[in-house]
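All the letters of the sequence shown, read from the start, carry residue numbers 1 to 462 under the numbering used here.
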Amino acid sequence: MFQVRRKDDAVKNGSIRPTRPRARQRKVTAAAAIDTLFPLPQRVLRMERIDGATIVLSGPDTKEMAEYYEHVQAWFDDADLNAQKKSGTAQQFERSAREVDEFIEATNNDARLAPPSDCTIDIEYPPTTKRPPAVVGDTFTTTGLLTRRSVSSFILARDDERFVTDTGLAVRHREDTVEAEVEMREPSDDSAVIIPMARRAKPDHNAIRSAASQLGGVHEDVLDICIANAVRNGPNSSGRYEIEVEAIVRVRGKGQKKKQEGPARYNAGFVPAMRENVVSALGALDRIWVTQDLEPKLRKGRLVRDYDRVFEIKRKRVDVKTHELVSIEYELGTWFANYKEHLVLAPRALLALDARNGAPAKALGRYFVLLTASADRDGRLVRSVRDVIATVRRSFDYGKNPQRLRSWLEDNLEVLVEHGIITSWTYTPAADLAQLPRKNWVDHWLELSVVVQLPARAHSGE
1 MFQVRRKDDA VKNGSIRPTR PRARQRKVTA AAAIDTLFPL PQRVLRMERI DGATIVLSGP
61 DTKEMAEYYE HVQAWFDDAD LNAQKKSGTA QQFERSAREV DEFIEATNND ARLAPPSDCT
121 IDIEYPPTTK RPPAVVGDTF TTTGLLTRRS VSSFILARDD ERFVTDTGLA VRHREDTVEA
181 EVEMREPSDD SAVIIPMARR AKPDHNAIRS AASQLGGVHE DVLDICIANA VRNGPNSSGR
241 YEIEVEAIVR VRGKGQKKKQ EGPARYNAGF VPAMRENVVS ALGALDRIWV TQDLEPKLRK
301 GRLVRDYDRV FEIKRKRVDV KTHELVSIEY ELGTWFANYK EHLVLAPRAL LALDARNGAP
361 AKALGRYFVL LTASADRDGR LVRSVRDVIA TVRRSFDYGK NPQRLRSWLE DNLEVLVEHG
421 IITSWTYTPA ADLAQLPRKN WVDHWLELSV VVQLPARAHS GE
């Protein structure tokens with residue numbers, strides 16, 4: 001006979017219903033009296049369930065108990081198989097608690113399941129500390145440090161801008177008096193800093209070039225979300241940042257499937273392609289390095305350059321049944337140590353912009369967001385039209401129609417206003433705009449500047 005003893009209840013003879021877990025790691029125990037004067041050695045049967053819980057039986061270490069455990073194991077194996085065939089979802093650990101209910105009930109009807117002697121049955125719950133989301137509300141935090149801006153340059157660069165190095169493919173990012181070099185390498189290529197050049201295998205530049213050509217707005221989103229998570233939630237007990245793949249998909253607000261039953265409409269997971277895009281982006285970001293030592297420096301008799309990882313995956317958690325990446329633990333390079341000096345509060349709408357159809361507007365919006373520190377007290381950011389085109393569009397080519405260049409800028413600025421990423425924009429000096437010649441005006445237009453008004457919360461840092 002089983003008796004159920006709860007921490008908050010007295011023993012209830014004949015009651016065999018374990019309580020549902022209301023809080024993390026709450027244990028359900030079916031307890032029976034055991035001779036405490038001369039206790040027998042205990043035989044333990046542990047059965048991991050598909051919902052992550054572990055059902056544990058413990059009784060005297062006897063031959064009868066060993067045979068009994070075989071019947072118990074077979075019963076739970078059948079329950080596991082039946083559970084996988086059923087459709088629908090349940091609350092976390094609800095399935096294991098229900099199985100214990102059903103097993104205890106079955107002991108009354110199946111003699112093979114009746115314990116030969118007193119034993120206990122427990123449910124152990126894993127430590128499932130749920131981390132807060134990386135982004136809450138309509139803004140997210142990122143950083144406008146030089147390294148972050150230079151990564152954008154590498155992602156936006158044309159193929160002919162990326163040049164071959166001994167270790168990968170690189171782009172030079174230039175801003176007034178500062179420069180950085182961003183390089184994409186082969187996966188997990190630490191050899192660039194630990195193996196002498198003479199013994200180092202040459203990288204497959206064609207493969208790297210192919211991977212670089214796939215970079216885009218999704219990669220920028222994923223990096224910014226990982227930065228936001230690091231700033232908001234800090235490191236875990238291992239000193240690393242941790243985030244779930246589905247949390248990144250959820251923050252972007254893209255690819256979430258909807259399901260409807262009658263008038264009710266609710267979320268039903270994510271479109272697989274959107275999840276795959278995030279996983280691919282994490283892998284690509286893990287291959288990017290940056291240096292601000294544009295020329296080798298003499299240190300202790302050697303010419304050296306310091307390279308820093310932008311983003312590094314240190315640990316992966318994978319679903320053993322589906323082989324899907326569940327979560328990662330990661331580190332940001334030493335460049336991130338000064339992130340507080342250039343904190344940026346960016347509109348969440350930037351992450352929601354379509355990375356394919358809205359790619360130009362997304363890139364333009366991120367360009368202005370990462371330059372928030374350059375705005376005046378009123379949140380006005382002034383940049384020359386020539387600089388905007390060179391940095392974001394990466395080409396001044398307009399074929400036979402110069403209006404294409406102007407429409408590219410103005411149409412995308414209007415998209416940013418429509419989505420609340422910027423409040424307004426205008427040209428300056430306004431008088432020069434009014435005096436543009438009717439013909440051959442494009443060179444004069446490139447000498448103008450655009451004034452962007454950032455949202456109040458972005459430039460105030462609230």
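Where a beta carbon is used, it is the ideal one built from N, C-alpha and C, also for glycine.
Query, Result
"Could you round the C-beta distance between S467 and T120 to whole angstroms and report it? I think they count as a contact, below 8 Å.", "The requested residue 467 does not occur in the structure, where the chain is confined to residues 1 to 462."
"In the DSSP assignment, what are the bridge partners of E327?", "Here the sequence assigns Ser to residue 327, which means Glu is not the residue at that position. Answer is E244, R317, bridged to S327."
"Using the beta-carbon count (16 or more within 10 Å), is T426 buried or exposed?", "exposed"
"Tell me whether P272 sits in a helix, a strand or coil according to DSSP, three-state version.", "helix"
"How far does the alpha helix (DSSP H) with D387 in it reach, from first residue to last?", "385 to 388"
"Give, in chain order, every unbroken run of the beta strand (DSSP E) that is at least 3 residues long and sits entirely within the segment 343 to 412.", "343 to 347, 380 to 384"
"Does DSSP put R252 in a helix, in a strand, or in coil?", "helix"
"Between which residues of its own chain and Y68 is the CB-CB distance below 7 Å, once the five residues before and five after are set aside?", "P115, P116"
"What would DSSP say about T19, mapped onto helix, strand or coil?", "In this predicted model, T19 has a pLDDT of only 38, less than 50, meaning its place in the structure is not dependable enough to derive any value."
"What distance in whole Å lies between the Cβ atoms of T143 and Y339, which are believed to be in contact at a cut-off of 8 Å?", "4 Å"
"So, for T147: in the same chain, excluding its five sequence neighbours on each side, which residues have a beta-carbon less than 6 Å away from its beta-carbon?", "V290, W335"
"Is it buried or exposed, I123, if we count other Cβ atoms within 10 angstroms and call 16 or more buried?", "buried"
"How many whole angstroms separate the CB atoms of L169 and E183, which I take to be in contact at a CB cut-off of 8 Å?", "7 Å"
"With distances taken between CB atoms, is the gap from R394 to L446 smaller than 8 Å?", "no"
"Pull up the distance between the alpha-carbon of R383 and that of L448, whole angstroms please.", "9 Å"
"Flag this pair as yes or no: are the beta carbons of I227 and L282 separated by less than 8 Å?", "no"
"Taking buried to mean at least 16 other C-beta atoms within 10 Å of its own C-beta, is A361 buried or exposed?", "buried"
"When the Cα of P126 is compared with those of D118, F76, R49, which residue comes out closest?", "R49"
"In three-state terms, what does DSSP make of Y427?", "strand"
"Sorted by chain position, which residues of the same chain lie with C-beta nearer than 8 Å to T428's C-beta, five sequence neighbours on each side aside?", "V382, L448, S449, V450, V451"
"CB P347 to CB D204, shorter than 8 Å?", "no"
"If the criterion is Cβ atoms closer than 8 Å, does the pair I155 and G234 meet it?", "no"
"Just how far apart, CA to CA, sit Q73 and M47?", "8 Å"
"Give me the Cα-Cα distance between F311 and L409, rounded to the nearest whole angstrom.", "31 Å"
"Once you ignore the five residues that flank L416 on each side, which residues in its own chain have a CB closer than 7 Å to its CB?", "A361, L364, G365, I422"
"Just curious, the beta strand (DSSP E) that R172 is in, first and last residue?", "169 to 175"
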